[in-house]
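I have placed the structure first, in the form of structure tokens, so that the comments after it can refer back to it.
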Amino acid sequence: MNSTELYTLWAPDACIWSRWAKPVLFADRPLEATFWGHPDWRGMNVNWSPGAASGSAIILDLPEDEAVRLGMALALRGFRPVPLYNGASGSAAVVNVNRIIGALHETAEELAKLPIPETAPPVFLLDANRSGGGAFVSPGRFDNRWAVFPQDFPSANFLLARGIRSVVLGQVTSGGPQRDLAHVLLRWQEAGIQILACDVQREAPPSPIRVTRPGNFRMLWYRAMVIAGLRRNSAGGFGAIIPEPSQSSGFG
Amino acid sequence: MRLPWHIVEPLDGRTFAEVRRAAIFECCKWDPQVEDVCAMSALPVVLTQEAWAELVVLAEQLARETLLAESAILQKRQCLGELGLPWSLRRRLRGLTLPEGGQHHLRLIRFDFHFTTEGWRISEANSDVPGGFSEASGFTRLMSDHYRRAVVPCDPMLELTRAIRDSACGGDTVALVHATAFTDDRQVMVQLARHLKTAGMRAVLVGPDQLRWNEGRAFVDTDWFRGGAHFVFRFFPAEWLPALPRLSAWWHLLGDSRTPLCNPGAAIVTQSKRFPLVWPELGVELPAWSRLLPLTCDPRHADTCLSEGNRMWKPALGRVGDFIQMAGVTPEKESRRIARAVRRHPRYWVAQQRFEAVPLEGPEGRLYPCVGIYTLNARVIGAYGRIAPKPLIDHLAQDAAVLVAQAIPIGLNTHNHSHEFNRTLHTVGA
């Protein structure tokens, strides 16, 4: 299976959510099907999840390949997995994406066989390690860390128009969302979409959360600043794309 | 008014889905969706031959003037204080000594043209790190396959690859310097790397902190490659360079380099939207710039220079149309924030007269095209289109293929929407 075929299995044309699938992991370089012997996703516990007809979408923000496997288990329940991995692969990479690539390969053909309806709600797949876990990045390494932005997701209006009234965040912590994701969730929350969260390693069902305002929320310069943050960490200092306004308290 | 474009039909959904997928895998278009908007338009901008010829002349004249102005600014260094540049960058530019034969660097610029009620105008020159040439190359070629009587005017990626190969003087290693963690930038570098490889060169994709310098020559120091670079292509904004560690000796990237660069970072002086404010000091004639760029002034003089209802605010170092305040287009809340920033920090902003862009009235409604023309060493090498439903090209604008009509009588270019006419250009379903 080549990269295009693999991508098409994960992002079929007929599915409205496919347009948000991030292609970088599929298209960056010829994929090598490294099989890792991932645990069988069919046995994974998804009792915590809402039903596919409940008007809920799901975001899985889990480390390495866990979101792929849990996304497959949710596909059995009628959800459409949408990979949003947006970091490139390469030698000496800070964020190891090999397991994710392997899982996408291993499960693709099974995904294609599942009878997922065209109207299925999405389960967006993220790597919780995307920011590198705060590890020191030595100068010679390939910095492939990444962050999510609101424009990586459908708007609240789009979700509401498709009957999505709530979003469940599945993660391996009972805390709040990662900061970059909070920018997305708060926009949806403000538009009237209920946000719930759960620790997927526990049996407890999702409970409503109130996403609090992250720093620089809706700030015009937010995207540039996040990119600056990534560059800062790799470059050893803070940039100054438009320096003055970011110092102003009036832009928060 | 004679319009500079032909109205054609967009590709149908099925065909465009194939083009989109090919753009992703063949042309490294890894950001095909921005929120609810497809990043690529199924509707190309098909220019008349006459319009294309005019744009070529204008862009090459602008490029020649830009190079003259850059040289003048670097000689009259008091001008640097007016450009809204970070202090550390100004300091390095003041001390910049270009090596003998500094012209071995390549100068790539993109001028963004808009067709207005007064003819062509430019909104800006992307003089430092112009982007979009990946889309202008691959995506445009994919679109052109479906329009029988329109052609790709030229391929900027191919032209750039040839120029790099020639500049490297027999060397084969090209350092592609970019923010590796930013996929939107990396996709462009990966595509350029593929072209360089086809041309028999070795591309090394590196972060800006992974370059080192020895006697003015660049070399790469990473875990996957160590060695000299025969050419450095920078896809990292010059205003970010001062954030790099001293070890990287980033100031060589401004132009003080025996290794050929594209672009030397000194280009930032004409990237600044405040560049027009120093024109009177330069002692060089800039007739094309003066004619094509709307009246621009310091925000502190805006009340006397520009009428309130006919002006907009732009950040000196803004990119991708972000942070531009335009009454009636920019949301009210954002407008207030920008106005507050302008009041507090006017030295980092400009006020500019608005122009009235002429929309492309096509089958998808009213759209405003922007035609970016690339010049490489003052010679046109390609075009990059973007198109938006509002007269502001920002991150939500779509990439649009810019094609040039072939063998179509210019006289037909009125508001001609006849199916017969469209079919002459449109092969899909014909």
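Quick note, the sequences are listed as chains R and C, same order.
The opening position of the first sequence corresponds to residue 1 in our numbering, with each subsequent residue numbered one higher.
The opening position of the second sequence corresponds to residue 1001 in our numbering, with each subsequent residue numbered one higher.
Heads up, the beta-carbon is just placed ideally off N, CA and C, and yes, glycines get one too.
Neighbour flag for residue i against chain C, beta carbons, 8 Å
{"i": "PRO154 (chain R)", "result": "yes"}
{"i": "ALA88 (chain R)", "result": "yes"}
{"i": "ASN129 (chain R)", "result": "no"}
{"i": "PRO139 (chain R)", "result": "yes"}
{"i": "TRP188 (chain R)", "result": "no"}
{"i": "PRO150 (chain R)", "result": "yes"}
{"i": "ASP13 (chain R)", "result": "yes"}
{"i": "PRO83 (chain R)", "result": "no"}
{"i": "LEU230 (chain R)", "result": "With a pLDDT of only 46 at LEU230 (chain R), under the threshold of 50, the placement of this residue in the model should not be trusted; the figure read from the coordinates follows. Yes, because at least one Cβ of chain C sits closer than 8 Å to the Cβ of LEU230 (chain R)."}
Chain R residues whose Cβ lies nearer than 7 Å to that of residue i
{"i": "PHE1025 (chain C)", "result": "SER3, THR4 and ALA27"}
{"i": "ARG1186 (chain C)", "result": "ALA88"}
Straight-line gap, residue i to residue j (C-alpha atoms, nearest Å)
{"i": "PRO1363 (chain C)", "j": "VAL1056 (chain C)", "result": "28 Å"}
{"i": "ARG130 (chain R)", "j": "VAL1177 (chain C)", "result": "22 Å"}
{"i": "ALA228 (chain R)", "j": "ALA1053 (chain C)", "result": "Note on ALA228 (chain R): pLDDT 49, under 50, position unreliable in the model; the coordinate value appears next. Going from the Cα of ALA228 (chain R) to the Cα of ALA1053 (chain C) covers about 40 Å."}
{"i": "ILE1007 (chain C)", "j": "VAL1046 (chain C)", "result": "7 Å"}
{"i": "PHE136 (chain R)", "j": "THR1222 (chain C)", "result": "16 Å"}
{"i": "GLY51 (chain R)", "j": "CYS1027 (chain C)", "result": "39 Å"}
{"i": "VAL1129 (chain C)", "j": "SER49 (chain R)", "result": "46 Å"}
{"i": "GLN1033 (chain C)", "j": "THR1304 (chain C)", "result": "42 Å"}
{"i": "ARG231 (chain R)", "j": "ASP1155 (chain C)", "result": "With a pLDDT of 43 at ARG231 (chain R), under the threshold of 50, the modelled position of this residue cannot be trusted; read the value that follows with caution. Computed Cα separation, rounded: 31 Å."}
{"i": "CYS1038 (chain C)", "j": "ASP61 (chain R)", "result": "25 Å"}
{"i": "ALA1316 (chain C)", "j": "PRO1346 (chain C)", "result": "10 Å"}
{"i": "GLN1049 (chain C)", "j": "ALA1401 (chain C)", "result": "15 Å"}
{"i": "ARG179 (chain R)", "j": "PRO1004 (chain C)", "result": "47 Å"}
{"i": "ILE195 (chain R)", "j": "LEU1286 (chain C)", "result": "56 Å"}
{"i": "HIS1230 (chain C)", "j": "THR212 (chain R)", "result": "50 Å"}
{"i": "LEU1392 (chain C)", "j": "MET1326 (chain C)", "result": "8 Å"}
{"i": "PRO1264 (chain C)", "j": "ARG42 (chain R)", "result": "55 Å"}
{"i": "ALA197 (chain R)", "j": "PHE124 (chain R)", "result": "14 Å"}
{"i": "LEU1292 (chain C)", "j": "THR1198 (chain C)", "result": "38 Å"}
{"i": "LEU1274 (chain C)", "j": "ASP1399 (chain C)", "result": "Correcting the residue type first, residue 1274 (chain C) is Arg in the shown sequence and not Leu. When rounded, the distance between both Cα atoms is 27 Å."}
{"i": "GLU964 (chain C)", "j": "ASP1031 (chain C)", "result": "For chain C, the structure presents residues 1001 to 1430; residue 964 (chain C) sits outside this window and is missing."}
{"i": "PHE1185 (chain C)", "j": "ARG1165 (chain C)", "result": "Contrary to the premise, residue 1185 (chain C) reads as Asp rather than Phe in this sequence. Rounded to the nearest angstrom, the two C-alpha atoms are 22 Å apart."}
{"i": "ILE116 (chain R)", "j": "TYR85 (chain R)", "result": "21 Å"}
{"i": "LEU114 (chain R)", "j": "ARG1246 (chain C)", "result": "55 Å"}
Interface flag, residue i vs chain R, CB-CB below 8 Å
{"i": "ALA1267 (chain C)", "result": "no"}
{"i": "VAL1428 (chain C)", "result": "Bear in mind that a pLDDT of 33 at VAL1428 (chain C), under 50, signals an unreliable position, so the model cannot answer this."}
{"i": "ALA1017 (chain C)", "result": "yes"}
{"i": "THR1173 (chain C)", "result": "no"}
{"i": "GLY1132 (chain C)", "result": "no"}
{"i": "ASP1036 (chain C)", "result": "yes"}
{"i": "PRO1409 (chain C)", "result": "Because the pLDDT at PRO1409 (chain C) is just 46, under 50, the model does not fix this residue reliably, and the value given afterwards should be weighed accordingly. Chain R, which has no Cβ nearer than 8 Å to the Cβ of PRO1409 (chain C), makes this no."}
{"i": "GLY1207 (chain C)", "result": "yes"}
Limits of the unbroken beta strand (DSSP E) element including residue i
{"i": "PHE1275 (chain C)", "result": "Taken as a continuous stretch (DSSP letters only), PHE1275 (chain C) belongs to no beta strand (DSSP E), as it is neither H nor E."}
{"i": "TRP1349 (chain C)", "result": "1349-1353"}
{"i": "ASP143 (chain R)", "result": "ASP143 (chain R) -> no beta strand (DSSP E), and no H or E assigned at all."}
{"i": "PHE1016 (chain C)", "result": "Counting along the chain, PHE1016 (chain C) falls outside any beta strand (DSSP E), though it belongs to the alpha helix (DSSP H) covering 1013-1027."}
{"i": "TRP1313 (chain C)", "result": "1311-1315"}
{"i": "ILE59 (chain R)", "result": "56-62"}
{"i": "TYR1384 (chain C)", "result": "1379-1388"}
{"i": "GLU1361 (chain C)", "result": "1360-1362"}
{"i": "MET80 (chain R)", "result": "Per the sequence shown, residue 80 (chain R) should be read as Arg rather than Met. That run of the beta strand (DSSP E) goes 80-83."}
{"i": "ALA197 (chain R)", "result": "194-199"}
{"i": "ASP1036 (chain C)", "result": "Element bounds for ASP1036 (chain C): n/a, residue is neither H nor E."}
Amino acids of chain R, ordered along the chain, whose beta-carbon sits closer than 8 Å to that of residue i
{"i": "PRO1032 (chain C)", "result": "ARG19 and PRO23"}
{"i": "GLN1191 (chain C)", "result": "The premise fails here: GLN1191 (chain C) is roughly 10 Å from chain R at the closest Cβ pair, so nothing lies under 8 Å."}
{"i": "GLN1210 (chain C)", "result": "PRO139 and GLY140"}
{"i": "ARG1021 (chain C)", "result": "THR4, TYR7 and THR8"}
{"i": "CYS1028 (chain C)", "result": "ALA27"}
Chain-ordered neighbours of residue i on chain C, where CB pairs are closer than 8 Å
{"i": "SER91 (chain R)", "result": "ASP1223 and TRP1224"}
Amino acids of chain C, ordered along the chain, whose beta-carbon sits closer than 7 Å to that of residue i
{"i": "TRP10 (chain R)", "result": "The premise fails here: TRP10 (chain R) is roughly 12 Å from chain C at the closest Cβ pair, so nothing lies under 7 Å."}
{"i": "ASN144 (chain R)", "result": "THR1180 and ALA1181"}
Enclosing alpha helix (DSSP H) for residue i [first to last residue]
{"i": "VAL68 (chain R)", "result": "66-76"}
{"i": "THR1375 (chain C)", "result": "Premise fails: THR1375 (chain C) lies in the beta strand (DSSP E), 1365-1376, not in any alpha helix (DSSP H)."}
{"i": "GLU1065 (chain C)", "result": "1049-1075"}
{"i": "GLN1398 (chain C)", "result": "Looking at the DSSP string, GLN1398 (chain C) is not in any alpha helix (DSSP H); the run it does join, the beta strand (DSSP E), is 1398-1400."}
Residues that residue i contacts on chain C, provided the C-beta gap is smaller than 9 Å
{"i": "PHE158 (chain R)", "result": "GLU1035 and ASP1036"}
- 4 or more residues per run - each alpha helix (DSSP H) lying fully within the region 98-173 of chain R: As far as the region 98-173 of chain R is concerned, its whole alpha helix (DSSP H) runs of at least 4 residues are 98-113 and 156-161.
- Message: Threshold first: 3 residues or longer. Then list the beta strand (DSSP E) segments lying entirely within the region 1175-1209 of chain C, N to C.
- Response: For the region 1175-1209 of chain C, whole beta strand (DSSP E) runs of length 3 or above, ordered along the chain, are 1202-1206.
- Query: Can you list, in chain order, the stretches of the alpha helix (DSSP H) that have 4 or more residues and sit fully within the region 1218-1271 of chain C?
  - Reply: Within the region 1218-1271 of chain C, the complete alpha helix (DSSP H) runs of at least 4 residues are 1268-1271.
- Message: List, from N- to C-terminal side, the alpha helix (DSSP H) runs of 4 residues or more that fit wholly inside the region 1118-1165 of chain C.
- Response: Qualifying alpha helix (DSSP H) stretches, in chain order: 1140-1144.
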